[in-house]
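The next block holds one structure in the form of structure tokens; read it before the comments.
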Amino acid sequence: MAIGNAHRAALVQIVGEQASLSSESDLGLYEYDGGVDRARPDLVLFPSSAHEVSHILAYCTLHQIPLVARGAGTGLSGGAIPIAGGVVVSLVRMNRILEMNLDDEYLKVQPGVVNLDLSAALAPHGYFYAPDPSSQRACTVGGNVAENAGGPHTLVYGVTTNHVLGLEFVTAEGDIRIAGGPEGDLPGLDIRGLLIGSEGTLAVVTAIWVRIMRSPEAVETMLAVYDDPEQAGQSVSDIIGRGVLPIALEMMDGVMLRMVEEATNAGYPLDAAAILLVELAGPVEEIREQAPLVEGICAAAGARSVRIAADAAERALLWKGRKNAFGAIGRVSPTFYVQDGVVPRTRLPRVLGLIQEIARKHGLTISNIFHAGDGNLHPIILFNARKPGDIEKAKLAGDEILELCVAEGGTITGEHGVGMEKNELFGKLYSQPLQEHLLSLKQQFDPAGILNPGKLLPASQTLNRFENVTAAQ
Ligand SMILES: Cc1cc2nc3c(=O)[nH]c(=O)nc-3n(C[C@H](O)[C@H](O)[C@H](O)COP(=O)(O)OP(=O)(O)OC[C@H]3O[C@@H](n4cnc5c(N)ncnc54)[C@H](O)[C@@H]3O)c2cc1C
Numbered sequence: 326m327a328i329g330n331a332h333r334a335a336l337v338q339i340v341g342e343q344a345s346l347s348s349e350s351d352l353g354l355y356e357y358d359g360g361v362d363r364a365r366p367d368l369v370l371f372p373s374s375a376h377e378v379s380h381i382l383a384y385c386t387l388h389q390i391p392l393v394a395r396g397a398g399t400g401l402s403g404g405a406i407p408i409a410g411g412v413v414v415s416l417v418r419m420n421r422i423l424e425m426n427l428d429d430e431y432l433k434v435q436p437g438v439v440n441l442d443l444s445a446a447l448a449p450h451g452y453f454y455a456p457d458p459s460s461q462r463a464c465t466v467g468g469n470v471a472e473n474a475g476g477p478h479t480l481v482y483g484v485t486t487n488h489v490l491g492l493e494f495v496t497a498e499g500d501i502r503i504a505g506g507p508e509g510d511l512p513g514l515d516i517r518g519l520l521i522g523s524e525g526t527l528a529v530v531t532a533i534w535v536r537i538m539r540s541p542e543a544v545e546t547m548l549a550v551y552d553d554p555e556q557a558g559q560s561v562s563d564i565i566g567r568g569v570l571p572i573a574l575e576m577m578d579g580v581m582l583r584m585v586e587e588a589t590n591a592g593y594p595l596d597a598a599a600i601l602l603v604e605l606a607g608p609v610e611e612i613r614e615q616a617p618l619v620e621g622i623c624a625a626a627g628a629r630s631v632r633i634a635a636d637a638a639e640r641a642l643l644w645k646g647r648k649n650a651f652g653a654i655g656r657v658s659p660t661f662y663v664q665d666g667v668v669p670r671t672r673l674p675r676v677l678g679l680i681q682e683i684a685r686k687h688g689l690t691i692s693n694i695f696h697a698g699d700g701n702l703h704p705i706i707l708f709n710a711r712k713p714g715d716i717e718k719a720k721l722a723g724d725e726i727l728e729l730c731v732a733e734g735g736t737i738t739g740e741h742g743v744g745m746e747k748n749e750l751f752g753k754l755y756s757q758p759l760q761e762h763l764l765s766l767k768q769q770f771d772p773a774g775i776l777n778p779g780k781l782l783p784a785s786q787t788l789n790r791f792e793n794v795t796a797a798q
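Residue numbering for the sequence shown follows my numbering, beginning at 326 and increasing consecutively.
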């Protein structure tokens, strides 16, 4: 949908000329996120308050202009792509920590605060914010809420929803509402929970109360190295089977670890077939007991070496490799496509084998890096977007991987969301009556259907009204 000049002028007036973008070259920067899809907005607005967000939404609802909220644009499922055109509302100017309450252990933040900035602000006080997506240097808390983001430490700490106490949000008609708050659980329906993971399809979040945690007394990070990926998978099951619950259990296959090591010098052996990063945290005594136990379990499963990071610097180096992994791929492949399937932990070795069969069938290289403890796979499909037919092949392989995950008793996303990448598969996961129920819920929040059309629910349910619409004014 192209919006006309009169709408453009009215919307720009809400935030001011200097807080808007409308030239073709500027708009080009907002036509993509971390995924593979593209669509250009007609206008980008940068509100600085919930009040401004409210005016924008009310205007767009009145005139049926599609609107997509955007954080840092690191999403991997096309959530921030304005597939129906219209307005992108970037929350990056709303980037302040509004309140730090250490006594009651919460922060109140604006949605555009970068994830890592929470833990950086808390560290001097001995606290941290647990959800730590690997994109945490860039992604925003608002984007994390919308995607219910996870990270390497979700195994014990849980995902974003487990750390959000309350939300201030603006409905499509411009009403500013609050669900929850510093006190957390309120009686009755959990509107807070409903909004988390709704991918900007129900409301725009304008403030967030998050739970903070005391930094653990002791942390140990270990690197286990394997000549056979199955042994690494076995170690994951064995560690948990023996009653040890590390805060992170991350696995990389040989293809991935070589790309990462060459880019980051994290200290991963180039000739290994897989590595496992294990992190333990808790009281000193407990960690002193668990570390040798984990070391023994990995060795018994076949690890050729297990190294415990000697100090904080070595620990940071081991994590540097893991957290910069996606960036490292660019040295080897011009483009890549990250998938986000989940399978029961015990199916990991079998599913990894079947993913390689899919790779062979399509003549593609697929490497693996994943939150092994959660059974959350991130197969990375390497392809060349400039080569005709390659992107279609990559997407087909991605769909086959997700269908495999579902067939093995898992699901289509662990943390990256559904977006416009998996909404047709989403349609296959849920029965028609349940989908209708979800759609009627959306209509309660967004009667004109302007909020992020074409996402989460199958596109046919939310995108139709914006097709073939030309300039309204
Ligand atoms: C290198 C890399 C590593 C990653 N690692 C992880 C990981 O470990 N774990 C993980 O979970 N994800 C990961 N991701 C995916 C991504 O970083 C997360 O989904 C993140 O939560 C997106 O935040 P963002 O600010 O970039 O949001 P965007 O990409 O801008 O938006 C994502 C979605 O949120 C909506 N949205 C944004 N702000 C608001 C708001 N204020 N109100 C309502 N809706 C809003 C958008 O409309 C969109 O649907 C990774 C991505 C990259 C590129």
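Even glycine gets a Cβ: it sits at the ideal position worked out from N, Cα and C.
Please report how far the alpha carbon of residue i lies from the alpha carbon of residue j, in whole angstroms.
{"i": "A635", "j": "D578", "result": "24 Å"}
{"i": "Q343", "j": "E377", "result": "14 Å"}
{"i": "G411", "j": "F371", "result": "14 Å"}
{"i": "A471", "j": "A394", "result": "10 Å"}
{"i": "T671", "j": "L679", "result": "14 Å"}
{"i": "G400", "j": "D358", "result": "6 Å"}
{"i": "A557", "j": "L602", "result": "10 Å"}
{"i": "L677", "j": "T736", "result": "15 Å"}
{"i": "Q798", "j": "I328", "result": "Its pLDDT being 33, under 50, Q798 is placed unreliably in this model, and the coordinates cannot settle the point."}
{"i": "L782", "j": "L759", "result": "11 Å"}
{"i": "Y384", "j": "R333", "result": "11 Å"}
{"i": "S756", "j": "A504", "result": "29 Å"}
{"i": "T546", "j": "A637", "result": "9 Å"}
{"i": "G621", "j": "Q615", "result": "10 Å"}
{"i": "I633", "j": "P541", "result": "18 Å"}
{"i": "R517", "j": "L618", "result": "40 Å"}
{"i": "P456", "j": "G467", "result": "13 Å"}
{"i": "S562", "j": "E610", "result": "24 Å"}
{"i": "L837", "j": "V743", "result": "Any property of residue 837 remains undetermined from this structure, which presents the chain solely from 326 to 798."}
{"i": "V535", "j": "L514", "result": "19 Å"}
{"i": "A335", "j": "H380", "result": "10 Å"}
{"i": "E639", "j": "N473", "result": "30 Å"}
{"i": "R685", "j": "D724", "result": "15 Å"}
{"i": "A277", "j": "D500", "result": "For the chain, the structure presents residues 326 to 798; residue 277 sits outside this window and is missing."}
{"i": "I683", "j": "E586", "result": "26 Å"}
Using 10 angstroms around the beta-carbon of residue i, count the other beta-carbons present and answer buried if the total reaches 16, otherwise exposed.
{"i": "E300", "result": "Here the chain covers residues 326 to 798 and nothing more, so residue 300 does not appear."}
{"i": "E349", "result": "exposed"}
{"i": "A331", "result": "exposed"}
{"i": "P704", "result": "buried"}
{"i": "A796", "result": "Caution is warranted here: a pLDDT of 37 is assigned to A796, below 50, making its placement in the model unreliable, and the coordinate value is therefore given only provisionally. When all chains shown are included, A796 counts as exposed."}
{"i": "R656", "result": "exposed"}
{"i": "N701", "result": "buried"}
{"i": "D771", "result": "buried"}
{"i": "S630", "result": "exposed"}
{"i": "N793", "result": "Any reading at N793 is ruled out, since the residue's pLDDT is 45, under 50, leaving its predicted position unreliable."}
{"i": "H450", "result": "exposed"}
{"i": "A732", "result": "exposed"}
{"i": "S523", "result": "buried"}
{"i": "K753", "result": "exposed"}
State yes or no: is the C-beta of residue i within less than 9 Å of the C-beta of residue j?
{"i": "T479", "j": "H696", "result": "yes"}
{"i": "P571", "j": "E604", "result": "yes"}
{"i": "G475", "j": "T465", "result": "no"}
{"i": "L323", "j": "L548", "result": "As shown, the chain starts at 326 and ends at 798. That puts residue 323 outside it, with no answer to give."}
{"i": "A446", "j": "L427", "result": "no"}
{"i": "A824", "j": "A606", "result": "The structure shown does not extend to residue 824, since the chain spans only 326 to 798, so no value can be given for it."}
{"i": "F751", "j": "P391", "result": "no"}
{"i": "M538", "j": "F661", "result": "no"}
Return yes when at least one heavy atom of ligand 3 lies under 8 Å from the C-beta of residue i, else no.
{"i": "A397", "result": "Annotation note on ligand 3: not contained in the displayed structure, which lists ligand 1 as its ligands."}
Comparing C-alpha positions only, which one of the options sits nearest to residue i?
{"i": "K645", "options": "R517, A591, D665, I633", "result": "A591"}
{"i": "A497", "options": "S785, L782, G774, N789", "result": "G774"}
{"i": "G652", "options": "L423, E639, M581, A722", "result": "M581"}
{"i": "I694", "options": "C730, I683, E682, N649", "result": "N649"}
{"i": "L382", "options": "P407, I716, R363, V413", "result": "V413"}
{"i": "M396", "options": "T690, K718, V438, S379", "result": "Residue 396 is actually Gly in this sequence, not Met. Measuring from the Cα of G396, the nearest candidate turns out to be V438."}
{"i": "S765", "options": "T787, G568, K747, E749", "result": "T787"}
{"i": "S658", "options": "I537, R502, K712, K767", "result": "K712"}
{"i": "G483", "options": "G734, G739, V743", "result": "G739"}
{"i": "E746", "options": "G566, A719, E424", "result": "A719"}
{"i": "I716", "options": "V361, V530, S345", "result": "V361"}
Is the Cβ of residue i closer than 9 Å to any Cβ of chain B?
{"i": "L492", "result": "Going by chain labels, chain B is absent from the structure shown, which holds only one protein chain."}
Only counting runs of 3 or more residues, tell me where the beta strand (DSSP E) segments fall wholly within the segment 504-547, in order along the chain. Runs of the beta strand (DSSP E) inside the segment 504-547: 529-536.
What residue ranges within the segment 570-627 form continuous alpha helix (DSSP H) runs of no fewer than 4 residues, ordered along the chain? Counting only runs of 4 or more, we get 579-589, 609-626.
At 3 residues or longer, what runs of the beta strand (DSSP E) sit wholly inside the segment 683-707? The qualifying runs are 690-696.
For the segment 738-781, which segments carrying the alpha helix (DSSP H) assignment without a break, of at least 4 residues, lie completely within its bounds, in sequence order? Whole alpha helix (DSSP H) segments, 4+ residues: 748-754, 757-770.
Within the segment 624-666, note down every full beta strand (DSSP E) run reaching 3 residues or more, in order along the chain. For the segment 624-666, whole beta strand (DSSP E) runs of length 3 or above, ordered along the chain, are 630-633, 660-663.
Taking the runs of the beta strand (DSSP E) that are 3 residues or longer, which of them lie wholly in the segment 326-395? Complete beta strand (DSSP E) runs here, min 3: 368-370, 392-395.
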